[in-house]
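**Student:**
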Amino acid sequence: GAGGDAPPKPPQHRRSSLTGASGKGPTLPGGGASKVAAHLTLEVRGRKIADLYAFMSDQSKSAAERLSCAVKVHQLLCDGADHEEVMERLDAITLPSHIEGLISLSTVQHPLNYTAFRLLLLYTHTSKCIVMLSRGGVMTVIMDRLRVSQEKEGLKFLIEVLARVARSAECRHAGSLSQVAHLDAQVLVRLLSEIDHNTYAHTRLQVLQTLEAMSVCARSRQALLRSGVLYAILDLLGQFKRGKSFSKAELGLLATLKQDLL
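In our numbering, the protein residues as written are 1400 to 1661.
#1: Under three-state DSSP, which class holds Lys1527?
#2: Which of the three DSSP states is assigned to Cys1468 in this structure?
#3: Beta carbon of Lys1447, beta carbon of Asp1490: below 8 Å?
#4: Could you pull the start and end residues of the alpha helix (DSSP H) that Thr1539 belongs to?
#5: Here's a check: name, in chain order, each residue in its chain whose Cβ is nearer than 8 Å to the Cβ of Leu1520, leaving out the five neighbours to either side.
#6: Can you list, in chain order, the residues of its chain with a C-beta nearer than 6 Å to that of Phe1454? Leave out the 5 residues immediately preceding and following it.
#7: Mind checking whether Thr1506 and Val1540 have CB atoms under 8 Å apart?
#8: Enumerate in chain order the residues of its own chain whose CB-to-CB distance from Cys1616 is below 7 Å, with the five nearest sequence positions on each side excluded.
#9: What does a CB cutoff of less than 8 Å around Gly1500 pick up in its chain, not counting 5 residues either side in sequence?
#10: When you compare each of Val1485, Leu1466, Glu1611 and Thr1655 to Ala1580 by their alpha carbons, which one comes out closest?
#11: Out of Ser1567, Leu1466, Ala1480 and Gln1474, point me to the one whose CA is closest to Ile1502's CA.
#12: Between the C-alpha atoms of Val1606 and Ala1480, what's the straight-line distance to the nearest angstrom?
#13: Of all the options Tyr1599, Asp1634, Thr1655 and Asp1450, which has the alpha carbon lying nearest to the alpha carbon of Arg1620?
#14: Could you check which residue in Leu1494, Met1538 and Arg1544 has the C-alpha nearest to that of Tyr1513?
#15: Does the Cβ-Cβ distance between Phe1639 and Leu1629 come in under 8 Å?
#16: Does DSSP put Gly1431 in a helix, a strand or coil?
#17: Taking the beta carbon of Gly1637 as the centre, do at least 16 other beta carbons fall within 10 Å, making it buried, or is it exposed?
#18: I need the straight-line Cα distance from Val1588 to Arg1517, nearest angstrom please.
#19: Report the three-state DSSP secondary structure of Gly1424 (helix, strand or coil).
#20: Note the first and the last residue of the continuous alpha helix (DSSP H) segment covering Phe1639.
#21: Can you tell me where the alpha helix (DSSP H) holding Lys1647 begins and where it ends?
#22: Please list, in chain order, all residues of the same chain as Leu1476 whose beta carbon is under 7 Å from its beta carbon, the five residues on each side excluded.
#23: Could you work out which residue in Glu1593, Arg1534 and Met1542 is closest to Ser1567 when comparing CA atoms only?
#24: Take Ala1631 and list the residues in its own chain whose beta-carbon comes closer than 7 Å to its own, dropping the five residues that flank it on each side.
#25: At the level of alpha carbons, what is the spacing between Ala1565 and Met1538?
#26: Where does Thr1514 sit, in a helix, a strand or coil, going by DSSP?
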């Protein structure tokens, strides 16, 4: 997925049986309840999405099976649909229990764990789902992962989910950022120095976006100052003066953070 405020278009796949003969996605009858019912009948290889959600949350299944299921759900939601259709599907069928099950799955230690966060990223593109993610404690789960994880494959998904939720109006209203800032600001500061700029330049930008979202709240600002983020910001600006490459967006965020924290 792409960062910033503009949601990325979903991956383009070959048209499948999901779209019907017209290739334009499922025909949705009018009315909320019937629309939900229509979306829940979407199938991938004969398995309805409602059943896939249930499978993902089934603790008796292996981690590999459940993560494989997350891949299928991602495919089902995106396949044969434009961005608006994907968002409509998400809003129509997603329940808090689905989000809770997926967040729980994302805590499983497995090499394919990033597939759960890739699916979580899809849910960050609708306000309704972001509320569920925030209430489900997704930021705390992500910070727990970042504190102990050395994984490279999933880092971009972890950080992008974090940045999108942190920057949402729903999250700011709930006060979730302040709690994360107090507990884990140092983790984000560490990432600023550890992220390989050449490979993960966009990811570093999203760490800065998350810190900038935190700096809006006075309580969070105090936590950021105690974590040493100001020193990290000044160090990065010093690196720029010494010739290190930074994007305009990064420099803008660094300047904003410096002003907010001084």
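We put the beta carbon where it would ideally sit given N, CA and C, even for glycine.
Note that the coordinates shown come from a computational prediction; the quantities given were computed from them, not determined experimentally.
**Tutor:** Considering the structure as presented:
#1: Sequence index remark: in the sequence shown, residue 1527 carries index 128 (1-based). Residue state, collapsed to three classes: helix.
#2: For the purposes of this step, residue 1468 is taken as residue 69 along the sequence shown, with counting starting at 1. Three-state result, Cys1468: helix.
#3: Locating residue 1447 in the sequence shown gives position 48, where the first residue counts as 1. Locating residue 1490 in the sequence shown gives position 91, where the first residue counts as 1. Not closer than 8 Å, so no.
#4: Position 140 of the sequence shown, counted from the start, is the residue given in the question as residue 1539. Looking at the DSSP string, the run of the alpha helix (DSSP H) that includes Thr1539 is Val1537 to Val1547.
#5: Within the sequence shown, the letter at position 121 stands for residue 1520. Gly1400, Phe1556, Glu1559, Val1560 and Arg1563.
#6: The residue you call residue 1454 lines up with position 55 of the sequence shown. Counting only Cβ-Cβ distances below 6 Å, and skipping sequence neighbours, we find Cys1468.
#7: Taking the sequence shown and counting its residues from 1, one reaches residue 1506 at position 107. Taking the sequence shown and counting its residues from 1, one reaches residue 1540 at position 141. Yes. Within cutoff.
#8: Numbered from 1 along the sequence shown, position 217 holds the residue referred to as residue 1616. Same-chain partners within the cutoff: Leu1576 and Ser1577.
#9: Here residue 1500 corresponds to residue number 101 of the sequence shown, with the count starting at 1. The answer, listed in chain order, is Tyr1452, Met1455 and Ser1456.
#10: Your numbering for residue 1580 matches position 181 in the sequence shown. Selected option, being the one with the closest Cα: Glu1611.
#11: For the purposes of this step, residue 1502 is identified with residue 103 of the sequence shown, where counting begins at 1. Checked all of Ser1567, Leu1466, Ala1480 and Gln1474; the closest Cα to Ile1502 is Leu1466.
#12: Counting from one through the sequence shown, the residue named residue 1606 turns up at place 207. Counting from one through the sequence shown, the residue named residue 1480 turns up at place 81. Distance between the alpha carbons of Val1606 and Ala1480: 30 Å.
#13: In the sequence shown, counting from the first residue as 1, residue 1620 sits at position 221. With distances taken between Cα atoms, Arg1620 lies closest to Thr1655.
#14: Translated into the one-based positions of the sequence shown, residue 1513 becomes position 114. When each option's Cα is compared against that of Tyr1513, the closest is Arg1544.
#15: Reading the sequence shown from its first residue, position 240 is the one you call residue 1639. Reading the sequence shown from its first residue, position 230 is the one you call residue 1629. Taking 8 Å as the Cβ cut-off, Phe1639 and Leu1629 do not qualify as a contacting pair.
#16: If you number the sequence shown from 1, residue 1431 lands on position 32. Because Gly1431 sits at a pLDDT of 49, beneath the cut-off of 50, its placement in the model cannot be relied upon, and the following sentence gives the value as read from the coordinates. The answer is helix: DSSP assigns Gly1431 an H, G or I state.
#17: The residue you call residue 1637 lines up with position 238 of the sequence shown. So Gly1637 counts as exposed.
#18: As a position in the sequence shown, residue 1588 is number 189, starting the count at 1. As a position in the sequence shown, residue 1517 is number 118, starting the count at 1. Rounded to whole angstroms, Val1588 to Arg1517 spans 23 Å at the Cα level.
#19: As a first step, residue 1424 is located in the sequence shown; it is residue number 25 there, counting from the start. With a pLDDT of only 37 at Gly1424, under the threshold of 50, the placement of this residue in the model should not be trusted; the figure read from the coordinates follows. Coil at Gly1424, not helix or strand.
#20: Residue numbering aside, residue 1639 sits at position 240 when the sequence shown is read from its first letter. Its alpha helix (DSSP H) spans residues Val1628 to Lys1640.
#21: Within the sequence shown, numbered from 1, the residue matching residue 1647 stands at position 248. Unbroken alpha helix (DSSP H) run through Lys1647: Lys1647 to Leu1660.
#22: Residue 1476 sits at position 77 when you count from the first residue of the sequence shown. Within the same chain, Leu1476 has close Cβ partners Val1485, Arg1488, Leu1489 and Leu1521.
#23: Stepping through the sequence shown from its first residue, residue 1567 is reached at position 168. If we check each option's Cα against that of Ser1567, Arg1534 comes out closest.
#24: Taking the sequence shown and counting its residues from 1, one reaches residue 1631 at position 232. The residues are Val1588, Leu1591 and Ser1592.
#25: If you number the sequence shown from 1, residue 1565 lands on position 166. If you number the sequence shown from 1, residue 1538 lands on position 139. Going by the C-alpha atoms only, they are around 8 Å apart.
#26: Residue numbering aside, residue 1514 sits at position 115 when the sequence shown is read from its first letter. Three-state result, Thr1514: helix.
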